[in-house]
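The structure under discussion appears below in the form of structure tokens.
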Amino acid sequence: MNEVNLLRAHAKNENSDIEFNDHSVREPYDSERAEYIKKKISERISRSSICVVYISDNTAQSRWVTWEVETSLALGKR
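Following this line, the structure appears as structure tokens:
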């Protein structure tokens with residue numbers, strides 16, 4: 001989360017060339033409300049032009065990354 005928060009802060013910096021809208025879901029991904037999370041993530045992916053996957057040591061263990069990438073591709077997102 002430290003690296004993600006650093007990227008968010010960098011994007012808010014007026015002197016930075018990075019520009020994006022953060023559409024991340026704020027509810028914990030280990031929530032018992034998986035269908036809610038899928039719905040919210042799908043809505044955010046639909047509104048996005050590109051999907052960025054942040055790679056970390058824990059990415060491979062994520063329950064969501066594969067689903068998010070597959071959903072992005074199914075919706076025609078780069």
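For what it's worth, the numbering used here labels the leading residue of the sequence shown as 1, then goes sequentially. Idealized CB from N, CA, C, for every residue including glycine.
Around the beta carbon of S46, a 10 Å sphere encloses fewer than 16 other beta carbons of the protein chains shown; the residue is thus reported as exposed. Residue burial annotation: I55 is exposed, with fewer than 16 other C-beta atoms found within 10 angstroms of its C-beta.
Runs of beta strand (DSSP E) with 3 or more residues, each lying fully within the segment 43–70, are absent. When C-beta atoms of the segment 38–53 are compared with those of the segment 11–19, fewer than three pairs fall below 8 Å, so the two segments do not count as touching.
For the options A11, V4, E70, N5, the alpha carbon positioned closest to that of I41 is the one of E70. For the 9 Å CB-CB criterion, R78 and I50 form a contact. Across the structure, K12 and V52 are spaced so that their CA atoms are roughly 17 Å apart.
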